[in-house]
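Working notes for the structure below.
Residue numbers (this note's numbering): 92 to 296.
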């Protein structure tokens, strides 16, 4: 057996309640902290032990306490293994809790990242759609713009198709195409999914 010296976190366990509890003793330098389950109180409530008094803890073979301002005890190998096993369980539980917490944080960050990419994609598609419309507006020869076009552009890491329809058959009759006017529809597609659709009517003055 090995004698260790340390100090209680509380000055005297006898000043605490009489309920069974765990007493933690911090041993001398070079030894690991030890926690022990004491079934019965070491002395009556309110009567701390003196420096020269000792007490055999009931139910703990090989464990002898000398209570002063600190503690001195002898711990058998059997009790030492039990204390270390209890600490190992605490460590494993802590690791599991931390792992679950980090998994939840990672899932939240991934969801936020995907949502942020969607916002960036839609904003960029809207900007490019307006650029197409502005280019057609500045052409001026509205009566000759009749050939539909499609162009693939990489936006936020995705291939987006900008499809332009001049004078679509389902356009409004009040905005029919003629020699001086054109009705234009620009559709942004991610595969077969429509991200944005913009329509406008230009006429020469």
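Glycine included, each C-beta is placed from N, C-alpha and C at the ideal position. Computed from a predicted structure; not experimentally measured.
Could you check what DSSP says for residue i in three-state terms: helix, strand or coil?
i           : result
residue 178 : helix
residue 202 : helix
residue 291 : strand
residue 279 : strand
residue 139 : With a pLDDT of 43 at residue 139, under the threshold of 50, the predicted position of this residue should be treated as unreliable, though the coordinate-derived value follows. Three-state result, residue 139: coil.
residue 271 : coil
residue 228 : helix
residue 247 : coil
residue 220 : helix
residue 240 : strand
residue 260 : coil
With 16 other CB atoms within 10 Å as the buried threshold, where does residue i fall?
i           : result
residue 274 : buried
residue 156 : Only weak support exists for where residue 156 lies, its pLDDT of 41 falling under 50; the value from the coordinates is given anyway. Buried is the call here.
residue 220 : buried
residue 233 : buried
residue 138 : Its pLDDT being 41, under 50, residue 138 is placed unreliably by the model, and nothing is read from it.
residue 236 : buried
residue 279 : buried
residue 196 : exposed
Contact check, residue i vs residue j under 8 angstroms by CB: the rounded distance?
i           : j           : result
residue 293 : residue 227 : 7 angstroms
residue 286 : residue 251 : 7 angstroms
Taking the C-alpha atoms as reference points, what is the distance between residue i and residue j?
i           : j           : result
residue 290 : residue 217 : 13 angstroms
residue 256 : residue 186 : 60 angstroms
residue 179 : residue 189 : 15 angstroms
residue 253 : residue 296 : 28 angstroms
residue 204 : residue 214 : 16 angstroms
residue 208 : residue 247 : 7 angstroms
residue 230 : residue 262 : 21 angstroms
residue 206 : residue 241 : 28 angstroms
residue 265 : residue 283 : 30 angstroms
residue 202 : residue 191 : 17 angstroms
residue 277 : residue 271 : 20 angstroms
residue 194 : residue 200 : 10 angstroms
residue 243 : residue 288 : 15 angstroms
residue 268 : residue 239 : 14 angstroms
residue 245 : residue 225 : 20 angstroms
residue 259 : residue 249 : 27 angstroms
residue 91  : residue 198 : In the structure displayed, the chain extends from 92 to 296; residue 91 sits before or after that span and is not available.
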